[in-house]
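Everything on this sheet refers to the single structure shown next.
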Amino acid sequence: MPERLLLTGNHAAAYGAMLSRVEVISAYPITPQTMIVELLSELTASGELPAKFITVESEHSAMAACVGASAAGARAYTATSGQGLALMHEMLHWAVGARLPIVLTNVSRAMAPGWSIWSDQTDILSQRDVGWMMLFAESVQEAQDFVIWMYRVAEQVYLPGMVGMDAFILSHTAEPLIVHDRDRVDAYLPPFEPLYDLDPADPRAYGGLVNRDHYFELRYKVYEAMERAGRLLAEAGEEFADALGRRYAPVEGYMLDDAEYVVMSAGAMTSNVRQAVKDARERGMKVGLLRLVALRPFPFAEVRRLLAGRHKVAVLDRNLSPGHSGIFAQEIRSALSGMPDAPPVYGYVMGIGGRDVRVETVTETLDDLVRRDEPDLALYVGVKGLPIGPVRAFEQIPVPVKVEVAR
Amino acid sequence: MRWPVPEAEHMDPGTLGCQGCGGALSMRLVLKEVGPDAIAVLPACCWSIIDGPWPLHALDIPVFHTAFETAAVVATGIKAAKAMKGEDPTVVAWAGDGGTFDIGLQALSGAAERNEDIVFVCYDNEAYMNTGIQRSSATPAGTWTTTTPEERPEPRPKKDIMGIMAAHRVPYAATATVAYPGDLAHKVQTAVAAKGGMRFLHLLSACPPGWKMAADQAIEAMRRAVQARVFPLYEVRDGRDYTITVWPERNVRLEDYLSLQGRFTPLLADQDMLERVKADVAERWRLLVERHEHSRRLVGTGR
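Chains as they are written, first to last, in this note's numbering: chain A, -17 to 389; chain B, 223 to 525.
Structural data, given as structure tokens:
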């Protein structure tokens, strides 16, 4: 029988790695991820999870150790956050080019300076283009299950994948978690048996010098694998239901059928968005939710199908690409580009650096969406002293707090 | 020292190494002793090129190319994976001086401190040769490189990487060079046999283009480096027991080593700096001999 426990998102991620029977874990502490690797360290020390745990001296080395372990045929896992993910960047690319199905959990945290440990998705979205698959968990259950789902797909296409989870809102929040039976997970996720594993009896060279007459084709295979991963992700999400009782998909809809307005969200704040959508329905607003579960590979067809013909779309971004707009908004606009019945996309930026995105915050945003005549690249929600709207000159912002220098 | 040379070759001819490349010679001799049950990890260095362009490669052991700063930790990951599968190949991280002394130092320190079960070989040609001769922290004082031009030659002494490794208390660390192949072979044998912990080999590795000398002078240059006490051959066990393995026999002066190479023109032209470097070489040699003798006195004391 599956166990039902009350656990945090972090501990759920560790359970996801354990149920996936990872063989090598390499990690470096960083708030708010640390609990994941602390629990994995205990599970490996006690023998409950037979795996090597390498306590490296940096996140760059954590990913490098995973690269080595995966190349040598082990299922490798790590977890990180914010600055740590940024430090890994070079080796994230390496994992892709070397075609290594590593899985990592990133607990999204705001980038310094100033130092902030609070929720903000700019860290993970800054890794959008490295070639990792990307899933965004909304619940503790998903923090566990997405690790398993990700390995299932990663090992079919020889590409790595990361599971995003929001700092504290999910990482440190306890919810009931169903810990699946190990034998059922084993049936869903068979042992990793790679094509190549640095076998001295089969002495090949990996990742060496490639001239202009081959590099493009090697990368083309990566691009092809990523496009294939879209279909496999959907299939493996369906199979998860058969094997482990929960159905997952790259995109989820809520109250979308007759919705004139659609609000798009990803990650843990989606739960509050769902509540705000339900409340708005009760007030008579025809609104629905589109939750983006997978950012890479991007589910173009589903997003286009679900958004075609709507009156307006609001994209809620807990991140920003300065000088452009929220990164999810860019993605949605790009997906809708050229579609004849594409709705206008209103980009809302909120919750930066862990500022609360409450149900009321989303309700106010929906009200703004209805009232606003023209879409904007970035509409800022919740900047102190400012109404929802596009960026305003700094001089116009009333200073909300009095700064005093201690003497 | 006699050396029965294993006949088996694990490196094919026709590599992309330059004539007289100490790095290529080192790989050939080291692999003869390491044997076929091994895996090489190559960070960015001359050997990224020497091994050959895809789909060709020159070694008959698996080679995993990796990022510049990651040789030690990627080797660690490979070893961990193989251990999980019950396999025990010798995992050799093979880095240049940049990938050891500079950008690779953090991961190397981590692996050394954790006493990872790997062999780390630094083939040290004393500058970034693959990018066209830029100084590294392994470049000795008074050297010309493209980033330490004649007008402003390298002002600082070479970083003491053996001292750094000894400070980590690694089970085995040794200097060697292909100019003394018997000594090199013995040290590789010792390193391979000392399974279970970190083993570090520091190989002086002549680079004729970068050292500004004829290719056929490579072995002679490395031999003179040893005889002039610039690059003494010794081993350190557990970071404290020092043994000098080759005692200089010939009366080779520092200038005899320097003058073989064009890169030391600034040093040879600066009498003050030359005196300082001579004093430094003498001081380091004296200290090494003291450590060697101190270690002999402690034999059998069971400290």
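A virtual CB, placed ideally from N, CA and C, is assigned to each residue, including glycine.
Judged by their CB atoms, E376(B) and T487(B) are not nearer to each other than the 9 Å cut-off. With respect to chain B, the C-beta atom of I12(A) has no partner C-beta closer than 9 Å.
By the CB criterion at 9 Å, D127(A) and L226(A) fall inside the cutoff. Taking a cut-off of 8 Å on C-beta distances, the region 404 to 423 of chain B does not touch the region 434 to 442 of chain B, as fewer than three cross pairs fall below it. Listed along the chain, the chain A residues whose CB falls inside 9 Å of the CB of K254(B) amount to none; the nearest CB is some 15 Å away. For E217(A), the uninterrupted alpha helix (DSSP H) segment begins and ends at 197 to 226. Interface annotation, Y188(A): in contact with chain B, CB-CB separation under 9 Å.
Looking at the DSSP output, G143(A) sits in a beta bridge with V85(A), M115(A).
In the three-state reduction of the DSSP assignment, M0(A) falls in the helix class, which pools H, G and I. Under a 10 Å Cβ-count criterion, V521(B) is classified as exposed, with fewer than 16 other Cβ atoms of the shown protein chains found around its own Cβ. Residues of chain A with a Cβ closer than 8 Å to the Cβ of V285(B) are, in chain order, P185, R186, A187, Y188, G190.
For L272(A), no alpha helix (DSSP H) run applies; the uninterrupted beta strand (DSSP E) run containing it begins and ends at 269 to 274, by DSSP. G55(A) belongs to the set of residues whose beta carbon lies under 9 Å from a beta carbon in chain B.
Around R292(A), the same chain offers A241, E242, Y243, V244, P325 as residues with beta carbons nearer than 8 Å, after the five sequence neighbours per side are excluded. Against chain A, the beta carbon of A289(B) has neighbours under 8 Å at A46, E72, M73, W76, listed in chain order. DSSP places R57(A) in the coil class of the three-state scheme, outside both helix and strand. Within chain A, the residues L191 have their CB atoms less than 8 Å from the CB of I271(B), given in chain order. Straight-line spacing of the CA atoms in C268(B) and T367(B) works out to 17 Å.
Y230(A) places its beta carbon 9 Å or farther from that of L271(A).
Between N88(A) and M0(A), the CB-CB gap reaches or exceeds 9 Å. DSSP links F286(B) through a beta bridge to Y188(A), V263(B). Under the Cβ criterion of 9 Å, S52(A) is counted among the residues facing chain B. Cβ atoms of I7(A) and G64(A) stay farther apart than 8 Å, at about 20 Å. At least 9 Å separates the CB of H293(A) from every CB of chain B. E(-15)(A) is bridged by DSSP to V161(A). The distance from the Cβ of A289(B) to that of W76(A) is about 6 Å, consistent with a contact at the 8 Å cut-off.
With contact defined as three or more Cβ pairs closer than 8 Å, the region 351 to 359 of chain A and the region 296 to 313 of chain A are in contact. When CB distances to chain A are screened at a threshold of 8 Å, the residues of the region 306 to 317 of chain B falling below it are M306, K307, P311, in chain order. Shown here, K294(A) sits in a strand according to DSSP, grouped into three states. Secondary structure in the region 306 to 358 of chain B: the alpha helix (DSSP H) runs of 4 residues or longer, each lying completely within the stretch, are 327 to 335 in chain order.
For the set I151(A), V339(A), L67(A), the Cα lying nearest the Cα of E41(A) is the one of L67(A). Around the C-beta of K301(B), 16 or more other C-beta atoms lie within 10 Å, and the residue is accordingly described as buried. Straight through space, the alpha carbons of Q493(B) and E291(B) are spaced by roughly 37 Å. DSSP places E471(B) in no beta strand (DSSP E); its state is neither H nor E.
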